[in-house]
Amino acid sequence: MASASLLTPPPQIQTKKTIIPVNNTSINTSINANAAGNYNRGRRREMTLSLATAPLMLMMIRAYPALASSMDEEYVKETSDIINKIRTTINKNKTDPDVASAVAELREASNDWVAKYRREKALLGRVSFRDMYSALNAVSGHYISFGPTAPIPTKRKARILEEMDTVEKALLRGR
1 MASASLLTPP PQIQTKKTII PVNNTSINTS INANAAGNYN RGRRREMTLS LATAPLMLMM
61 IRAYPALASS MDEEYVKETS DIINKIRTTI NKNKTDPDVA SAVAELREAS NDWVAKYRRE
121 KALLGRVSFR DMYSALNAVS GHYISFGPTA PIPTKRKARI LEEMDTVEKA LLRGR
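In full-length UniProt numbering, the protein residues as written are 1 to 175.
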């Protein structure tokens with residue numbers, strides 16, 4: 001048969017756990033005081049930094065319109081120059097001896113224009129930039145594919161000239 005120790009459960013050892021009450025108010029007040037001190041210190045830093053940078057920001061805001069205005073004037077002037085070059089190059093006769101040099105000048109000027117203004121975030125949404133880029137793409141694509149002496153087809157020429165008109169109108173409106 002089975003022994004008695006296997007049948008009866010072992011006796012439980014009873015120990016009393018004593019809990020010492022902690023005064024929570026002293027801990028909470030010290031934590032709150034530290035948090036408030038850090039918060040106030042951070043607020044003072046923010047206020048000091050904002051007061052120190054405010055004059056700098058005002059100077060930058062005053063200088064920015066002049067910068068944007070000069071860039072706008074330069075963009076309008078260079079875009080108008082490219083429009084004139086496109087019109088004169090497109091309208092040249094294929095037997096004209098200056099066609100190849102005019103196309104080379106146009107390619108160089110259009111590459112410079114695209115390289116300069118392609119990365120300007122302020123210009124990317126403008127109608128004038130979009131249409132000008134499209135027209136330059138059409139003209140340079142034609143001359144790359146068919147050579148500098150190949151005449152531009154009438155439909156493509158009409159579309160390019162229409163885009164040039166749209167660009168000029170948009171530039172006059174400041175777009």
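Each residue gets a CB set at the ideal place from its N, CA and C atoms; glycine is no exception.
Notebook entry, point to check: Which full runs of the alpha helix (DSSP H) of 4+ residues lie inside the stretch 134-173, going along the chain?
Noted result: 154-173
Can you tell me which of the three DSSP states residue 110 falls into?
-> For the purposes of this step, residue 110 is taken as the residue at position 110 of the sequence shown. In the structure shown, residue 110 sits in a helix (DSSP, three-state: H, G or I).
Point to revise | Where residue 92 falls: helix, strand or coil (DSSP) | key: Stepping through the sequence shown from its first residue, residue 92 is reached at position 92. If DSSP states are grouped into helix, strand and coil, residue 92 belongs with coil.
Return the CA-CA distance between residue 164 and residue 44, expressed in angstroms with no decimal places. Translated into positions along the sequence shown, residue 164 becomes position 164. Translated into positions along the sequence shown, residue 44 becomes position 44. The alpha-carbon atoms of residue 164 and residue 44 are separated by roughly 57 Å.
Can you confirm whether the stretch 157-171 touches the stretch 119-132 when touching is taken to mean that 3 or more C-beta pairs between the two stretches lie within less than 8 Å?
Using a Cβ-Cβ distance cut-off of 8 Å, the stretch 119-132 and the stretch 157-171 are in contact, since at least three pairs of beta carbons, one from each stretch, lie closer than that value.
- [ ] Name the residue from 77, 134 and 148 whose alpha carbon lies nearest to the alpha carbon of residue 94.
- [x] One-based indexing of the sequence shown puts residue 94 at position 94. Selected option, being the one with the closest Cα: 148.
Within a Cβ cutoff of 7 Å, which residues of the same chain sit near residue 151, ignoring the five residues on either side of it in sequence?
For this step, residue 151 is matched to residue 151 along the sequence shown. 94.
Exercise for the section: Give me the Cα-Cα distance between residue 80 and residue 109, rounded to the nearest whole angstrom. Expected result: Counted from its first residue, the sequence shown places residue 80 at position 80. Counted from its first residue, the sequence shown places residue 109 at position 109. Computed Cα separation, rounded: 12 Å.
- Query: Does the stretch 109-119 touch the stretch 153-164, meaning 3 or more C-beta pairs lie closer than 8 Å?
  - Reply: Verdict: no, contact absent.
Can you tell me whether residue 144 is buried or exposed? The criterion is at least 16 other CB atoms within 10 Å of its CB, across all chains shown. Locating residue 144 in the sequence shown gives position 144, where the first residue counts as 1. With fewer than 16 Cβ atoms within 10 Å of its Cβ, residue 144 is classed as exposed.
Backbone secondary structure at residue 119 - three-state DSSP = Position 119 of the sequence shown, counted from the start, is the residue given in the question as residue 119. Here residue 119 sits in coil by DSSP.
Is the distance from the Cβ of residue 106 to the Cβ of residue 77 below 7 Å? Taking the sequence shown and counting its residues from 1, one reaches residue 106 at position 106. Taking the sequence shown and counting its residues from 1, one reaches residue 77 at position 77. No, Cβ-Cβ distance for residue 106 and residue 77 is not below 7 Å.
query = Which residues in the same chain have their Cβ closer than 7 Å to the Cβ of residue 175, if we skip the five residues on either side of it in sequence?
reply = Numbered from 1 along the sequence shown, position 175 holds the residue referred to as residue 175. Cβ within range, chain order: 126, 127 and 128.
Close Cβ partners of residue 92 (< 8 Å) along its chain, the five nearest in sequence each way excluded: Within the sequence shown, numbered from 1, the residue matching residue 92 stands at position 92. Same-chain partners within the cutoff: 98, 99 and 102.
Exercise. Could you give the DSSP three-state label for residue 130: helix, strand or coil?
Key: To locate residue 130, count along the sequence shown from 1; it is residue 130. Residue 130: helix per DSSP, three-state reduction.
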